[in-house]
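Counting with this note's numbering, you get residues 3 to 217 for the letters of the sequence shown. Heads up: the structure comes next, in structure tokens.
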Amino acid sequence: MINIIYKNPKILVCYKESGLPTAPLKNSTNDNLVSQVSIEYPEIMGVKGFQAWEGGLLHRLDTPTSGLVLFALTQDAFDYLIYQQKNDMIIKEYRAKSKGAKELLPGFPPFIYDECSSIISGFRNYGPKGASVRPVLPSDNQKVYKTEVIREGDDSFICTITQGFRHQIRCHMAWAGYPLIGDEKYGGFEGEFGLEAIGLTFKDPVSRKVISIKI
Numbered sequence: 003m004i005n006i007i008y009k010n011p012k013i014l015v016c017y018k019e020s021g022l023p024t025a026p027l028k029n030s031t032n033d034n035l036v037s038q039v040s041i042e043y044p045e046i047m048g049v050k051g052f053q054a055w056e057g058g059l060l061h062r063l064d065t066p067t068s069g070l071v072l073f074a075l076t077q078d079a080f081d082y083l084i085y086q087q088k089n090d091m092i093i094k095e096y097r098a099k100s101k102g103a104k105e106l107l108p109g110f111p112p113f114i115y116d117e118c119s120s121i122i123s124g125f126r127n128y129g130p131k132g133a134s135v136r137p138v139l140p141s142d143n144q145k146v147y148k149t150e151v152i153r154e155g156d157d158s159f160i161c162t163i164t165q166g167f168r169h170q171i172r173c174h175m176a177w178a179g180y181p182l183i184g185d186e187k188y189g190g191f192e193g194e195f196g197l198e199a200i201g202l203t204f205k206d207p208v209s210r211k212v213i214s215i216k217i
């Protein structure tokens, strides 16, 4: 059963558990959040989204990441939200947990920012089949992505992004010397995976007013 956090006639925000893929691969029948939501809200599959099998899904979470996922229930809502997303108007907030670094993994350039700050980079695929990513120092001819980091406690950080890249927070935190707990791909200590999407802020397609959904 899906865990609905917020719903109105045009959008749906639900909570994804860690270990559940957000969306299927093409022609996949494996369990995933999109397929679960589409059973109760089949109208999401009538939305022309990024891929035919993703419907009204606005963004993905990595499979081990838990937290809030946004869906559009109508095409006009999807188009309105995509405009916001492309213009850095949808703010996504995460809680990241780290016990610090064992050592920086190969492929990372020197870290050039303050410990808790705005971390900005491009990205490149890294390793066999591009299974992970590495930061690329900002340049004039490459798209860059920003992670705002605020220390919340000894082992806890609040990370905020707008547009996101695959593994962005995981990679940026590892680059800063704080790989996530449970994230062996980026050198983190063992434990329950330490990343949860806890907040979404955007203009509601119904009211056209800014709303903030947090857990």
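Note that beta-carbon positions come from the ideal geometry of N, C-alpha and C, so glycine has one too. In this text, all values refer to a predicted model and were calculated from it rather than measured experimentally.
Discussion item. Relative to the C-alpha of P11, which candidate in L75, W55 and P26 has its C-alpha closest?
Written reply: L75
Exercise. Would you kindly report the start and end of the unbroken alpha helix (DSSP H) that includes R210?
Key: Where R210 is concerned, there is no enclosing alpha helix (DSSP H), because DSSP gives it neither an H nor an E.
Practice prompt. Pick out whichever of S214, F73 and S20 has its Cα sitting closest to the Cα of P44.
Written response: F73
Return helix, strand or coil for C161, following the three-state DSSP convention.
strand
Does the region 196-205 come into contact with the region 88-105, if we say contact requires no fewer than three beta-carbon pairs (one atom in each stretch) closer than 8 angstroms? yes
- Query: For the 8 angstroms Cβ check, are there 3 or more pairs between the region 146-153 and the region 126-135?
  - Reply: no
Exercise. So G109 packs on Y128, CB below 8 angstroms; how close in whole Å?
Worked result: The C-beta distance from G109 to Y128 rounds to 5 angstroms, short enough to meet the 8 angstroms contact threshold.
C-alpha distance - R168 paired with T65, whole-angstrom precision | 11 angstroms
Check: Does DSSP classify V146 as helix, strand or coil?
Finding: coil
Original post:
Looking at the unbroken beta strand (DSSP E) that takes in K88, where does it start and where does it end?
Top reply: From DSSP, K88 is part of no beta strand (DSSP E) but of the alpha helix (DSSP H) over Q77 to K88.
Item to check | Residue(s) in a DSSP beta bridge with E192 | outcome: For E192, which the question treats as bridged, DSSP gives no partner whatsoever.
Spell out a yes or no on whether the region 13-22 and the region 31-38 are touching, meaning 3 or more CB-CB pairs, one atom from each, closer than 8 angstroms.
yes
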